[in-house]
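48 is the number that full-length UniProt numbering gives to position 48 of the sequence shown; each next residue is one higher, with no gaps.
C-beta: ideal position from N, C-alpha, C; glycine also.
Please read all numbers here as calculations on a predicted model, not as lab measurements.
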Amino acid sequence: MSSVPPADLDLTSIQWRMPEWVQAMGGLRTENVLEYFSQSPFYDRRSNNQMLKMQSQFNALDLGDMNSQLQRLQGIQFVIIHERPPDLWIIQKQNRLNPSEVKPLANYFVCNENIYMAPNAYTLLATRLLNATYCLRKALSDVKDIASFSPERGYSYPTNLSLDSELDESQQEDNLDDTVASENQETFAGDRQPNPPASEEKEEASNTPSLESAMTPSLDMSVCRALFQSIAVQNQKLAQNSQSNSST
1 MSSVPPADLD LTSIQWRMPE WVQAMGGLRT ENVLEYFSQS PFYDRRSNNQ MLKMQSQFNA
61 LDLGDMNSQL QRLQGIQFVI IHERPPDLWI IQKQNRLNPS EVKPLANYFV CNENIYMAPN
121 AYTLLATRLL NATYCLRKAL SDVKDIASFS PERGYSYPTN LSLDSELDES QQEDNLDDTV
181 ASENQETFAG DRQPNPPASE EKEEASNTPS LESAMTPSLD MSVCRALFQS IAVQNQKLAQ
241 NSQSNSST
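This is the structure:
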């Protein structure tokens, strides 16, 4: 049976379950979930539910009869406000002022045989503010680490906008390279003509440079450089021979 918890105990930190009770009752159902809840430390034995339970211990009340009698009583009550059997029920602790007016006090939920107390608005707001403060402090620390300073611009920070612009520029360069390559390929394909007769092919070969010479300018420059060097060596030899002949 449930016992009265200490007044300073935070019930929102408690997870309660009694698997042997569930097994003995053949599982949880909407008809017996309030009885299961009455075994937990969240239950108030001064409630109207307990009073009706004691009065009907020899004549069990079904859920419908209990709810109708609770509406006629004033005081602390536990009622089911939402159900999704077989794994979820939400139970509300309320103070009934009259048959048509109640004041909610707390909410509890039964999930897979576990009973929890829902946090109040103050606890929920305090937790969210604490998480927001932690995230802001971490963000400021990260921004401080990536800051850069220059005498011209002062402090600056990398942004997603600058990264996006760099990506756009690189993508534009890739697109430009693809366009130039496709144009060159089309030009090369357009220049190809059916094979002309042998005489015309010889005339064109004599009048136009070869494709290999046009595509290898670095090879032509190296050949010219070697020719100039050999000519200079020959001139030096001729000059030496002329000097030796004049001396004799």
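### Query
In terms of residue numbering, what span does the alpha helix (DSSP H) encompassing Leu105 cover?
As a working note, residue 105 is residue 105 in the sequence shown. Careful: Leu105 lies outside any alpha helix (DSSP H), inside the beta strand (DSSP E) at 101–111.
### Query
Which residues mark the beginning and the end of the beta strand (DSSP E) in which Asn114 is found?
Here residue 114 corresponds to residue number 114 of the sequence shown, with the count starting at 1. Start and end: 114–117.
### Task
Just confirm the distance between the C-beta atoms of Glu31 and Leu9, as a whole number of angstroms; I'd bet it's less than 8 Å.
Taking the first residue of the sequence shown as 1, we reach residue 31 at position 31. Taking the first residue of the sequence shown as 1, we reach residue 9 at position 9. No, Glu31 and Leu9 are not in contact; Cβ-Cβ is about 30 Å, not under 8 Å.
### Query
For Gln23, which of helix, strand or coil comes out of DSSP?
Working through the sequence shown from its first residue, we reach residue 23 at position 23. Three-state DSSP puts Gln23 in a helix.
### Message
If you measure between the beta carbons of Val22 and Ile80, is that distance less than 8 Å?
### Response
Counting from 1 along the sequence shown, the entry for residue 22 is found at position 22. Counting from 1 along the sequence shown, the entry for residue 80 is found at position 80. For Val22 and Ile80, no; Cβs fall outside 8 Å.
### Element boundaries [alpha helix (DSSP H), containing Ser56]
Within the sequence shown, numbered from 1, the residue matching residue 56 stands at position 56. Per DSSP, Ser56 belongs to no alpha helix (DSSP H) and is neither H nor E.
#### Entry: 7 Å Cβ shell around Gln94 - same chain, five flanking residues per side excluded
Residue 94 sits at position 94 when you count from the first residue of the sequence shown. Excluding positions up to five away in sequence, the list reads Gln77, Val79, Val102, Lys103, Pro104, Leu105.
### Task
Could you tell me if Val143 is buried or exposed, where buried requires 16 or more neighbouring beta carbons within 10 angstroms of its beta carbon?
Taking the first residue of the sequence shown as 1, we reach residue 143 at position 143. With fewer than 16 Cβ atoms within 10 Å of its Cβ, Val143 is classed as exposed.
### Task
Can you tell me which of Tyr157, Lys138, Ala139, Leu136 puts its alpha carbon nearest to the alpha carbon of Ile146?
If you number the sequence shown from 1, residue 146 lands on position 146. Comparing Cα positions, the closest option is Tyr157.
### Message
Assuming Tyr155 is part of the beta strand (DSSP E), what are its boundary residues?
### Response
For this step, residue 155 is matched to residue 155 along the sequence shown. 154–156 is the extent of the beta strand (DSSP E) around Tyr155.
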